[in-house]
Structure formats: C-alpha cells, structure tokens
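Number 136 in full-length UniProt numbering belongs to position 136 of the sequence shown; there are no gaps in the numbering. Even glycine gets a Cβ: it sits at the ideal position worked out from N, Cα and C.
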Amino acid sequence: MLDREYKVKFISSKNSFLFLSSQDCRQLDSDKLLIRMSHGDNKNSYFSLGPPLLMLKEGECALCPILAKELGIEKNEIVSLASTRSVGSVKSLDMVAATKDDFEILEMLAGDVQESLMNQVRIVHNKQKLVVWISNSVRVTVIIDGIMPISPGRLENLTEVKVMPPVAQADKNIDFPQENVLKNVIKTQIVCRLHPLTDLNIDCEKHPFNVYLHKNSIANSIETSDILLAQLELICMGDVKPKDLIVRVLVMEETDFEDALFVSDSILEHFDCGIGGRVILETKVIPIPTMKTVEIVTSSGYFTTADEMVREYLADRVKKGALLMNSDVVLGDKGNFRFSLKFMPHEEFGLIDSDFLRGCRKFALFGTELVEDNKKEEDVKDDLQVDMKCGNFQEISDAAINCFQLKFAHCCNTVSSNVLLTGKQGTGKSKLVAKIAKDLSEKPSRIHVETVNCKKLKNKSIESLLKAMTSTFQKLIYYQPSLLILDDLQVICERVVEGEAPTQENLHFNKVSETLADAFENYLSANRISILATSESLDKLNQHIFSSRGKHLFKNVFALADLNKADRIHLMNHFLEAKEVSREKNINWDEIGVKTEGFVAQDLADYMDKSIFEAYKTESEIVSMDNCLEALKNSSSLSLKKVKLHAAGDKDFNDIGGLQVVKKSLVETMMWPAQYPNIFGNCPLRLQSGLLLYGPPGTGKTLLAGAAAKHCNLRLISIKGPELLSKYIGASEQAVRDVFEKAQSARPCILFFDEFDSLAPRRGHDSTGVTDRVVNQLLTQLDGVESLTGVCVLAATSRPDLLDPALLRPGRLDKHILCPIPNLDGRLLILQCLSRTLQFAKDVNLSKVAKETVGFTGADLQAVLYTAQMNSVEHLLNEEAASEAAINSGDVNFIAQKHLDGAVQTTRPSLTREEKLKYERIIDKFQGKSDPQDFKRAKQRVTIA
Numbered sequence: 001m002l003d004r005e006y007k008v009k010f011i012s013s014k015n016s017f018l019f020l021s022s023q024d025c026r027q028l029d030s031d032k033l034l035i036r037m038s039h040g041d042n043k044n045s046y047f048s049l050g051p052p053l054l055m056l057k058e059g060e061c062a063l064c065p066i067l068a069k070e071l072g073i074e075k076n077e078i079v080s081l082a083s084t085r086s087v088g089s090v091k092s093l094d095m096v097a098a099t100k101d102d103f104e105i106l107e108m109l110a111g112d113v114q115e116s117l118m119n120q121v122r123i124v125h126n127k128q129k130l131v132v133w134i135s136n137s138v139r140v141t142v143i144i145d146g147i148m149p150i151s152p153g154r155l156e157n158l159t160e161v162k163v164m165p166p167v168a169q170a171d172k173n174i175d176f177p178q179e180n181v182l183k184n185v186i187k188t189q190i191v192c193r194l195h196p197l198t199d200l201n202i203d204c205e206k207h208p209f210n211v212y213l214h215k216n217s218i219a220n221s222i223e224t225s226d227i228l229l230a231q232l233e234l235i236c237m238g239d240v241k242p243k244d245l246i247v248r249v250l251v252m253e254e255t256d257f258e259d260a261l262f263v264s265d266s267i268l269e270h271f272d273c274g275i276g277g278r279v280i281l282e283t284k285v286i287p288i289p290t291m292k293t294v295e296i297v298t299s300s301g302y303f304t305t306a307d308e309m310v311r312e313y314l315a316d317r318v319k320k321g322a323l324l325m326n327s328d329v330v331l332g333d334k335g336n337f338r339f340s341l342k343f344m345p346h347e348e349f350g351l352i353d354s355d356f357l358r359g360c361r362k363f364a365l366f367g368t369e370l371v372e373d374n375k376k377e378e379d380v381k382d383d384l385q386v387d388m389k390c391g392n393f394q395e396i397s398d399a400a401i402n403c404f405q406l407k408f409a410h411c412c413n414t415v416s417s418n419v420l421l422t423g424k425q426g427t428g429k430s431k432l433v434a435k436i437a438k439d440l441s442e443k444p445s446r447i448h449v450e451t452v453n454c455k456k457l458k459n460k461s462i463e464s465l466l467k468a469m470t471s472t473f474q475k476l477i478y479y480q481p482s483l484l485i486l487d488d489l490q491v492i493c494e495r496v497v498e499g500e501a502p503t504q505e506n507l508h509f510n511k512v513s514e515t516l517a518d519a520f521e522n523y524l525s526a527n528r529i530s531i532l533a534t535s536e537s538l539d540k541l542n543q544h545i546f547s548s549r550g551k552h553l554f555k556n557v558f559a560l561a562d563l564n565k566a567d568r569i570h571l572m573n574h575f576l577e578a579k580e581v582s583r584e585k586n587i588n589w590d591e592i593g594v595k596t597e598g599f600v601a602q603d604l605a606d607y608m609d610k611s612i613f614e615a616y617k618t619e620s621e622i623v624s625m626d627n628c629l630e631a632l633k634n635s636s637s638l639s640l641k642k643v644k645l646h647a648a649g650d651k652d653f654n655d656i657g658g659l660q661v662v663k664k665s666l667v668e669t670m671m672w673p674a675q676y677p678n679i680f681g682n683c684p685l686r687l688q689s690g691l692l693l694y695g696p697p698g699t700g701k702t703l704l705a706g707a708a709a710k711h712c713n714l715r716l717i718s719i720k721g722p723e724l725l726s727k728y729i730g731a732s733e734q735a736v737r738d739v740f741e742k743a744q745s746a747r748p749c750i751l752f753f754d755e756f757d758s759l760a761p762r763r764g765h766d767s768t769g770v771t772d773r774v775v776n777q778l779l780t781q782l783d784g785v786e787s788l789t790g791v792c793v794l795a796a797t798s799r800p801d802l803l804d805p806a807l808l809r810p811g812r813l814d815k816h817i818l819c820p821i822p823n824l825d826g827r828l829l830i831l832q833c834l835s836r837t838l839q840f841a842k843d844v845n846l847s848k849v850a851k852e853t854v855g856f857t858g859a860d861l862q863a864v865l866y867t868a869q870m871n872s873v874e875h876l877l878n879e880e881a882a883s884e885a886a887i888n889s890g891d892v893n894f895i896a897q898k899h900l901d902g903a904v905q906t907t908r909p910s911l912t913r914e915e916k917l918k919y920e921r922i923i924d925k926f927q928g929k930s931d932p933q934d935f936k937r938a939k940q941r942v943t944i945a
C-alpha cells in the first residue's frame, strides 16, 4: 500500500491516469486501487493507476501536463500519495462542460466520448476537473458533478453519464487587432505537433510568427478567415525550462494532419526541437504592450548596416497588415544577415505596422553581439548506396511503409505494425532501413525516427542497456508517432538453444531479451510507437523476442532476396557510375556475373573498389576486363567467413579410372546448370539437385565428391555423418539447419554427406529418437519451402538399404548412382590413372595385373601399387652393388613386373566372397531386383565356392 511522498513528472499522455514506476507498482493491483493525492494548500485529487513506466524512478509519479495544469499541480512538486481499495461503483454522474464550445463538441461527438471515456479515466469524484480527449488533437474540459451513489467512485461500463451545459458564459467575439487589447474568439488549449511550414501546399505569408492549424483541431464555430492570437509553449523533456512565444493562428480547411501545427523555420530553431516536437497552443486574452523603442541584436560585422537591413526586412512584411514579432528570436537567412529584436521596456512581443516604421527614425543597436549556434551538420559520405531496383528492396520498402502508415492512421491505431527485416551480412539491411526511415520522416508521413545500433550496446550490463533504452523511449514518446529502429538486434538478443548447459553468457542474453521484450510491450501498448528491426536470420533471435508460439512482437517479417546474375551486373555498373569511373566496352559482364555467384551488395562494392585499384596500379583510369579478373582473385563473399570449406584436392575426373557412367551423371547434374544458366533457368519444373552414391567400400565414392568439385569448379562442404549428432535436445536439428544455411551462403557448392547411413537411418529404430528428428529435419531441408538453387546435395553410403525410404523418393535424393566393383576394363583404367607418376620397368604389363586382380576395388588396386613401390625400395636396399650415395640421394629402382606380381600375391582384397555376395544382394534389393529366394540362392553360392 502507498503512503509516502512522490515527485511529480510530466509525460505526454492523453488520459487522466496516474503513473508510477515498475518498482512501486509491483505489489499493487491497479484495477481496483484508488490513489489520493494531497497537493498545494491541502487540496486532494483522486486517480486510478495506469501501466507502470520504466522511465520513472522509484519515488516518482507522472501525469499529463494538461490535466496537471487544470488541477493546479506544478512540475517537480512534492505530493503525498495514499492508497485504498474500498472504491464503490458509480451508477450515474453529471458532466458539466467548462465552456460553451466544449458543450457543443460534447453534444456532436457524444458517441466518441462514450467509447473513449473508460480508456481515459476510472476514478471520479465531485467537483473534479477532467480533461477528455475526443481525438489525438481535440479535447474538452469538464467538471464532474452529481455523482450517485458515492464519491469518489469507480466508473463501470453501465454508468449513466449526463452532459450538462456550462453555468455561465462570458466569451465575447472581438475583432483582431484592437487598439489596446487582443482577445480571441474562444479560449482553449490544444496539444500539437510542430511541422515545418514548407509541408503546406499553399502560398504562405512571409510572417515568421504566423502558424497554421486544421479547423477540426480548434472548434467548429471558427471560420478559415478568423485570426486568433495564442501563446505557444513548448513541452520540454526532463528539467529543461519551457519556452513560449506569442503567435497568430490561421485556421485552414485541409491538411494531411489534424494535430499538426505548421510553423516557420525560425520557430523550430528557437525551440531547438525536431519536427514533431510537442507544444501547447493556448488562446487567451493578451494585452497589447506599448512599445517605446526597438533594439537590434546582430553580429558585429553588420553593426553599420543593421538598421537599414532590418527596416527593409520589416517593410516587406507589413504591407498586408500589422506584423507580430517576438523578442529574442533569431530571424533572417542562415549564412547571411541574422538578427533578433528587443522590445523596450522589456516586452515579450509587439506589433509592428507601417505607421510604426514611418514614425521610427532609427532602430537602436543593442550592445551585445548575437551569439550564433556554430553546430554544423556532419556530411556523412555513404559509399554504398543500394539501388532500389535490385532484388526485392522496393517491394519490402513499400510493404514496411504501408504497415507504419496504417498503424499511425487515426482509424487504425491498434494495428500491430512492428517489422522485422532479415538478410545475410552485407545484403544492405541497414541501408534499406535508412531509406525507409528517410521516407517516413519526410512529407507526408512526418514520423519521428530514433535509430539504435545494437552493436554499440553489446556486452553492456542490463542496467546500462535499460538506461539507454529508457532515454530513447522518452524521445519516442515525446515526438510520437515515432519509429524505433533496432539495427542488428541479434547482437544483444542472441538465441539460446534450449537444453544446453546454462552459461553466464546464455543467462545474460535471456535476461536482456526478456527485459527488452517487457519494455517494448509496456511502451508500445500505451503510445503510438512502432519498431523496425534487422537481424541476420530468425534463428539467431532469442525466443523472448521472436518465438514460434505465444505473443509476437514482430508480425511482419520480410527477408531480403538473394541477388541474381542480372542484379549483380546492375549493381556493379551502379557502383562504378556512382564513383564516376569509366569502363571498357569489352568487359564480359555475363562471365563476371557467373563468377560472383553468392556475392551480396557489400561484396560487390568491395569488388568494384579492388577493380578500380587494379586499374590505378596500371596507371589507367578506365577499368578493363583484366582488372576485374585480377581483382576477383582477391575477392571473396562475406557469407563465406564462417563457412569451413574443404579443399577439393588436386584430382579431377581425369585422375579417376573407370566409373564413366557415374562421372557423366555428376557432370550433367552439377556442371550443366552453371554452364548453361539460360536453359536451366527457364525450366518450368524443379531440377534434380540430390544424388546418392552407393556401392561397396573402396569403389571411390568419397573420392568422386572432391573430384566433382574440382572438375565442375564448385565449392565443397563435406560433412561426416556422426559429427552432426548431439546429446542435447534440438542441437542436432539445429546443426542440420546450420549446414544447409552455410551451403546457401557458399553456393554454387556441393554439400557432401559421407557415411550417410549413420546420419539418416530408418526411423523407429533409434531408442533415443535423435536420428529420427535428424531425418525429419533433413526431409524438410531437402524438399521444403526453402529453395536449394545452386546447392547440389551429394550423399555416399555403402548400405543404402539402411537409409530411410522417405529420403530416397523423387524430389530429394532422387538420383541413385551405383559405384560397382570394377570389371577388367575398369581395373585397367584405374591402374593406368594411379600409375601416372610411377616409374615402371620395360617388362611391366598392367593388363596382366588387371586380369590377376579379379574382385579388387579401386582402393585395393591402389594398395597393390603401394606394395609394389615398397617392394622396389626393399630390392634397392638389398642389392649388394647399391652404393650408399645412391640410397641417400633417393634414387629408387624402376618398378618391375616381379614387384607387381609379388604385390598382387601379398595384397588381399578388402571384400571377402561372403561380403561380395552380401553387397550384391543388398544392391539387387535396393534396385528392386531381389525376390524372397535371394538369401537361399546366395547361401548355396557360398557353399559351392
């Protein structure tokens, strides 16, 4: 329960709730709580609590400044708060309008008041002054009277509300200007957002203190020809002293914003706030001061000519009537003559007309020199400008802007409009976000934007992070409607895999993400604020920020598409044009476009810089094809930084004997799409991209993967089956997803799974369920929504019968290629390929060796040559005539036929007869050629042998 003193703060809100800090609200039930505030000279006011605000400290409370002014509560005033739960329900009450105009508004918009009243106030009591907001810009002041049956009481949905006219009316219409006193048509207060006068599509007057307001924002009785005199007071954040001006209000029929107040650049500069700053426009009776003298304050360089230049400035503006001027406001053109006026004796404003100028012989020159603001805008040079014509940049930009405009439209305030933009590093997310922010901050949206670079907040404590976010949200609330940009959100809200052992880092990410999620929910629910965030992928965001179930902070998720060849060519030419660099006409952009597959926008920008540098090295200012090819050798994609690529080796298909059918199938599947992109790009059906190599051990399945990568000039990512398995729940599936994500980053590439049967066996045979979940994830990746364009999946196994059948259907690993035990011709080709670097004697006959090695695999034949080479070395060492010098120099005898014969006799094939029959049976069964008698016949063949 509350019973202590609090310090009053002001916040920009459109309700009559009292706000406390989250620490003070933690133990309170705000729905049934009555707060009594004692302030001033023993005055009591009653409130109900709003949602807790993180921006408040313990011992602070917050109110709307408009309501506080009506109640006579000052900013930073120390008040006493007490709480009680004994609050009864109100059956009926009388609501008395403060003025006649307020009563007219209440009569016309009674339905809107009825719908919005419960969202603005819950506790009422007799003689209470209440501010009711009809819309974002229209509000009325009422007095509560005749509460039945109890006061104070709590409003309910069935409470009867009667609207009563004011007791007395004393407003009079007096034309402007009058001789000694200026009076307004009405007396009211409006909270407005400052907009630059340049947003209006009308011929504005040159009067710096004329402001323009929409007719609906002030009163229906005001005509567009009426001119009002008002006091303009800036609502400041923190403890900054508020500033005010006297302005002339011109009412307009049509504007894009009903709550906007269009002011000159001089007023914006004087208030020192950005577009969207909050001001209180109050029309009231203001006496006209009697001016005796006017003094000029300017820079010392204009002291001699100041009188003439100021007189010329004023004479041009008083032709259409009296000119309203404020004291101590800097006027004039930036960079040229700048001045301010002082009205004596110490008046805040004054009226200057043609008679005053004629009667004033000379303006007095004030002794103090004008202090200019020397802050200069920094010109940030942006080398990377993403062309909106490439990829889906323009599509995402239009969709995101539409989401935010729908959110901030007056009729759609409750639409969830937070946007999450995903894409790999260097794809241009930050540049696209900057472009969206620029479009939203300009006419016609005029949405305030605050950008937070999350990389600068990395490794900060939760207290520091929350303090920075609170400061940012104070600006967002002040300038609302506002947009918060969180660039690289995954840096501070990194995903933590469930089930992993908790570490200090994981606990920190979870705590930060949970704290920010709660802060976002509190601030966004009570204010007109939206979030635009960027992340490399959804999988990298913490589950508190983006989860598959429960509440969703981001309901609009857009992914940047990868650049195709046409986009890459367009961007490379765009970057050269931006740098004003010439290029030769003979550059083969199609060839460069193919070789830059997988490059993102940042990669292409860096690549063009290197090409220009290569041209400068040759003392040329024109980029040539040779410069581009040379720069390409030193260029790599950003997406490959965290991808471990395996060396394809020094062997291609020409170094592998036999297996002609296998090599032909691999070339057709892997090389043709890259070699003939136009043909394969226009294919209406999805092409085969998954191959399964199967056959007995030692037949060259693993060797073919590296040779295929080298022959087809593709990157190779090799995965040994068991290395993806983990004991933690979800870790194995995440490892599979990461592998395919890396393959997408490295494309065009070969994703090779060796010993595939250990990774994807038949489901239902694993008691732990790990491999079952891995198979499910593989099925999703191989034939899911995500495209595998540019990624060839190659799997190798010696036991295809153990694989899950769902992986082998068409659309996944749909092409099955047998690597058989080589026949006579195959063995001869293998021996010839393996012996290219060996020195044979003249009596060597490889055909004879091929005939004697029936049943040998490629690995067995390589072992024969290894053994023959060792036999040759042993023979050299045993020769009596061999000299020590010959041995030390490494001279080895030529391999003779006797060495090969001995090697064949001592080398046993890796497969026994039983194993050969076993694999023949497995292959026949896998190919659908087996029948129930296979096992019986195989057993008889073994017995006969």
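**Report entry** Environment of A533 [buried if 16+ CB atoms lie within 10 Å]
**Finding:** In this structure A533 is buried. Its beta-carbon is surrounded by 16 or more other beta-carbon atoms within 10 angstroms.
Query raised in the report: What separation, rounded to the nearest whole angstrom, lies between the Cα atoms of I462 and E395?
Result: Computed Cα separation, rounded: 37 Å.
Report task. Measure the alpha-carbon distance for I144 versus F356 and round it to whole angstroms. Result -> Their backbone Cα atoms lie some 49 Å apart in a straight line.
Query raised in the report: Residues in its own chain within less than 6 Å of L200 by CB, not counting five upstream and five downstream?
Result: The residues are F262.
Query raised in the report: Quick one, are the C-beta atoms of S582 and E621 less than 9 Å apart?
Result: Yes; because the gap between Cβ atoms is below 9 Å, this pair is in contact.
Requested in this report: Check whether the Cβ atoms of C25 and L63 lie closer than 9 Å to each other.
Outcome: The answer is no: Cβ separation not under 9 Å.
Query raised in the report: Does the Cβ of F303 have 16 or more other Cβ atoms within 10 Å, making it buried, or fewer, making it exposed?
Result: Flag for F303 reads exposed.
Query - Start-to-end residues for the alpha helix (DSSP H) that takes in K664 - result: Element bounds for K664: Q660 to L666.
Query raised in the report: Since V449 and L406 are thought to touch, with beta carbons under 8 Å apart, how far apart are those beta carbons, to the nearest angstrom?
Result: Actually they are not in contact, since the Cβ atoms of V449 and L406 sit about 17 Å apart, beyond 8 Å.
Requested in this report: With distances taken Cα to Cα, identify the nearest neighbour of T837 among V667, D655 and R747.
Outcome: Out of V667, D655 and R747, D655 has the C-alpha closest to the C-alpha of T837.
Query raised in the report: Using the C-alpha atoms, what's the distance from K610 back to D488?
Result: Going by the C-alpha atoms only, they are around 27 Å apart.
Query raised in the report: Taking buried to mean at least 16 other C-beta atoms within 10 Å of its own C-beta, is D382 buried or exposed?
Result: Since pLDDT at D382 reaches only 47, below the 50 mark, its modelled position is unreliable, and no value is offered.
Report task. Indicate whether Q189 and I246 have their beta-carbon atoms separated by less than 9 Å. Result -> Not closer than 9 Å, so no.
Query raised in the report: Span of the beta strand (DSSP E) holding F10?
Result: Counting along the chain, F10 sits inside the beta strand (DSSP E) bounded by residues D3 to F10.
Requested in this report: State the DSSP-derived secondary structure class of V785, mapped to helix, strand or coil.
Outcome: For V785, the pLDDT reaches just 47, beneath the cut-off of 50, and the residue's location in the model is therefore unreliable, although a value from the coordinates is still provided. DSSP, read as helix, strand or coil, puts V785 in coil.
Requested in this report: Spatial neighbours of M671 within its chain, please: CB distance less than 7 Å, with the 5 preceding and 5 following residues excluded, ordered by chain position.
Outcome: Sequence-distant partners of M671 (beyond 5 residues in either direction) whose C-beta falls short of 7 Å from its own C-beta, in its chain, are C712.
Query - Three-way DSSP call (helix, strand, coil) for Q905 in this model - result: DSSP, read as helix, strand or coil, puts Q905 in helix.
Query - Option nearest residue 950 by Cα separation, candidates Q504, F19 and L81 - result: The structure shown does not extend to residue 950, since the chain is modelled only from 1 to 945, so the question has no answer here.
**Report entry** Which of helix, strand or coil DSSP assigns to A468
**Finding:** Note: A468 maps to helix in three-state DSSP.
Requested in this report: Entirely within the segment 124-154 and at least 3 residues each: give me those beta strand (DSSP E) ranges in chain order.
Outcome: Counting only runs of 3+ residues, the beta strand (DSSP E) found wholly inside the segment 124-154 occupies 129-133 and 139-148, in chain order.
Query raised in the report: Given R311, which residues of its chain have a CB within under 8 Å of its CB, disregarding the five upstream and five downstream residues?
Result: Setting aside the 5 residues that flank it on each side, R311 is surrounded in the same chain by L357 and F363, each with a C-beta closer than 8 Å to its C-beta; the list follows chain order.
Report task. Kindly indicate the opening and closing residues of the beta strand (DSSP E) around E160. Result -> Residues E160 to M164.
Query raised in the report: Just to confirm, are I267 and V191 a CB contact at a threshold of 9 Å?
Result: At the C-beta level, I267 and V191 stay beyond 9 Å of one another.
Query raised in the report: Where Q744 and A709 are concerned, what is the direct C-alpha to C-alpha distance, given to the nearest angstrom?
Result: Each residue's alpha carbon lies about 16 Å from the other.
Query raised in the report: Can you round the beta-carbon distance between V124 and L155 to whole angstroms, since I take them to be within the 8 Å contact cut?
Result: Yes, they are in contact, since the Cβ atoms of V124 and L155 sit about 6 Å apart, within 8 Å.
Requested in this report: Could you please give me the residues that DSSP links to Q231 through a beta bridge?
Outcome: Its beta-bridge partners are I246 and E282.
Query raised in the report: How is N878 classed by DSSP in three states: helix, strand or coil?
Result: In the three-state reduction of the DSSP assignment, N878 falls in the helix class.
**Report entry** Distance, A322 Cα to D3 Cα
**Finding:** Approximately 56 Å between the Cα atoms of the pair.
Report task. Just the C-alpha distance for F546 and I492, rounded to the nearest angstrom, thanks. Result -> Cα to Cα, F546 sits roughly 13 Å from I492.
Query raised in the report: Is the Cβ-Cβ distance between L560 and K429 less than 9 Å?
Result: Contact check for L560 against K429 passes: the beta carbons are separated by less than 9 Å.
Query raised in the report: In the DSSP assignment, what residue or residues form a beta bridge with H508?
Result: Looking at the DSSP assignment, H508 forms no beta bridge with any residue, so it has no partner.
**Report entry** Three-way DSSP call (helix, strand, coil) for E494 in this model
**Finding:** Here E494 sits in strand by DSSP.
**Report entry** Inter-residue spacing [alpha-carbon to alpha-carbon] between residue 1015 and D652
**Finding:** Any answer about residue 1015 is impossible in this case: the structure gives the chain only from 1 up to 945.
Requested in this report: Please name the residue in A746, G59, L691 and A868 whose C-alpha comes closest to that of L813.
Outcome: The residue with the shortest Cα to Cα distance from L813 is L691.
Requested in this report: Compare the beta carbon distance of E348 and P289 with 9 Å and say whether it is the shorter of the two.
Outcome: Inclusion of E348 and P289 in the CB contact set at 9 Å is warranted, their separation being smaller than that value.
Report task. Tell me the start and end of each unbroken beta strand (DSSP E) in the UniProt domain "AAA+ ATPase" (687-823) that is at least 3 residues and wholly inside, in chain order. Result -> The UniProt domain "AAA+ ATPase" (687-823) is shown to contain whole beta strand (DSSP E) runs of 3 or more residues at 690-694, 715-720, 749-754, 791-797 and 815-818, in chain order.
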